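Peer 1:
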Amino acid sequence: MALDEFYSLKKREGQPWPDQVDLDFVEITGSTNDDLKKRLRIQKITCPIGRVAVTQSAGRGTRGRVWKSSQGGFYFSLALLQKNIRPSLTLIPLAVGWGVSNVLRQYGIDAYMKWPNDIWINGGKAGGILCELVKDPEGRSNIVIGVGINYYDIPEKTTNGWPIRGIGEDQRFATPDERTDLIAALIVGILDTLLEDNEKIVCAWHEVNAFQGKNIALETENDRIVGQVIGIDVAGRLVLSTKNGVQAFLTGSISPYDDSLN
Ligand code: BTN
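According to the numbering used here, the residues represented by the sequence shown are 57 to 318, in order.
(1) Output the distance between the C-alpha atoms of Q112 and T85, rounded to the nearest integer angstrom.
(2) I'd like to check one pair, S64 with D233: are the Cβ atoms closer than 8 Å?
(3) Please confirm if F62 has its CB atom under 8 Å from at least one CB of chain C.
(4) So, are the CB atoms of L137 and I201 less than 8 Å apart?
(5) How far does the beta strand (DSSP E) with F62 in it reach, from first residue to last?
(6) Going by C-alpha to C-alpha distance, which of P219, I288, Q71, Y131 sits closest to V264?
(7) If contacts are defined as beta-carbon pairs under 8 Å, then I292 and G155 qualify, I think. What distance do you get, rounded to the angstrom?
(8) Starting from Q162, trace the alpha helix (DSSP H) in both directions and tell me its first and last residue.
(9) In this structure, does DSSP put L274 in helix, strand or coil?
(10) How would you write the range of the beta strand (DSSP E) that L247 sits in, first residue to last?
(11) Is any heavy atom in the ligand BTN found nearer than 7 Å to the beta carbon of T118?
(12) Return yes when at least one heavy atom of the ligand BTN lies under 7 Å from the C-beta of D144, else no.
(13) Measuring alpha carbon to alpha carbon, tell me which of I165, T88, L92 ends up nearest D1.
(14) Nearest-angstrom Cα distance between G350 and D314?
(15) Report yes or no: do the stretch 178-189 and the stretch 247-259 share at least 3 C-beta pairs separated by less than 8 Å?
(16) State yes or no: is the C-beta of G128 nearer than 7 Å to some heavy atom of the ligand HEM?
(17) Count the other C-beta atoms from every protein chain shown that fall within 10 angstroms of the C-beta of V152, then say buried if there are 16 or more, exposed otherwise.
(18) Relative to the ligand BTN, is the shortest distance from any of its heavy atoms to the C-beta of T215 smaller than 7 Å?
(19) Just tell me which of Y163, K139, N278 has its CA closest to the CA of C103.
(20) Return yes when the C-beta of Y131 is under 7 Å from any heavy atom of the ligand BTN, and no when it is not.
(21) Along the chain, where does the alpha helix (DSSP H) containing D90 start, and where does it finish?
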């Protein structure tokens with residue numbers, strides 16, 4: 057699993073490149089998010105930093121879950137000062153998801169987001185986003201953004217029972233150049249998205265929302281709410297039309313709800 061079999065590590069003519077990012081590529085690490093968090097705790101950064109790994113031995117997902125870094129996937133993190141980006145804290149993961157979906161679409165992949173932070177392709181989870189807040193030695197807030205995207209469809213299911221998808225069908229992103237181009241485009245796309253204001257992100261999110269207008273059930277820690285998805289609000293909450301009126305939820309897990317079965 058040599059690094060140069062996966063990434064060519066260089067900008068190609070006519071391809072996007074995140075010139076402003078201090079970016080490094082490694083063959084293996086525990087977690088790219090943890091690596092950047094460690095660095096931020098001891099060092100204040102002067103530009104965005106990024107780290108890409110061919111694989112991770114201790115990848116982390118949201119809600120304390122383990123993230124399995126399967127063969128061939130894309131695993132990277134970006135860190136930047138919160139004061140240099142526009143979306144409000146709880147909207148950041150959704151803004152990143154919007155940016156990632158748009159870049160994947162530019163590469164011909166029919167990508168969506170399942171609220172709040174699952175990358176959704178062909179009715180299954182193809183990746184996820186983990187955003188964390190870290191203070192540097194001067195007490196400044198930095199955001200660490202981790203993105204994991206599977207390469208292959210995997211015959212297992214997620215903890216919530218969803219199919220696991222990948223973006224590597226049709227021999228896409230098979231060469232080190234293509235893989236490097238994709239990572240660079242994703243980083244540029246995410247950074248651009250973080251310069252948009254809350255209202256723009258909220259309005260545009262419905263274009264990538266896999267459940268826009270659908271009837272869903274939302275499982276929260278102690279409740280199950282049925283409603284129709286209206287969209288998101290500026291805090292990144294899911295806005296539902298329910299039998300008790302319009303309601304917004306900050307956390308929870310959604311699944312389709314079929315009226316005819318009830
Ligand atoms: C989720 O779906 O729960 C979020 C998964 C986020 C995985 C990425 S892979 C790169 C970065 N490093 C990690 O340890 N996690 C994120």
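Note that beta-carbon positions come from the ideal geometry of N, C-alpha and C, so glycine has one too. What you are looking at is a predicted structure, and each value in this text was computed from that prediction instead of being measured.
Peer 2: Let me lay it out:
(1) 5 Å
(2) yes
(3) Protein chain content of the structure displayed is limited to a single chain, and chain C is not contained in it.
(4) no
(5) Taken as a continuous stretch (DSSP letters only), F62 belongs to no beta strand (DSSP E), being part of the alpha helix (DSSP H) at 59-62.
(6) I288
(7) The sequence given here has Gly at residue 292, not Ile. Incorrect: roughly 14 Å between the Cβ atoms, too far for contact.
(8) 148-162
(9) strand
(10) Careful: L247 lies outside any beta strand (DSSP E), inside the alpha helix (DSSP H) at 232-249.
(11) yes
(12) Correcting the residue type first, residue 144 is Ser in the shown sequence and not Asp. For the ligand BTN, not one heavy atom lies less than 7 Å from the Cβ of S144.
(13) Residue 1 is absent from the model: the chain starts at 57 and stops at 318.
(14) The structure shown does not extend to residue 350, since the chain spans only 57 to 318, so no value can be given for it.
(15) no
(16) For the structure depicted, the ligand HEM is absent and the ligand set comprises only the ligand BTN.
(17) buried
(18) no
(19) K139
(20) yes
(21) 88-98
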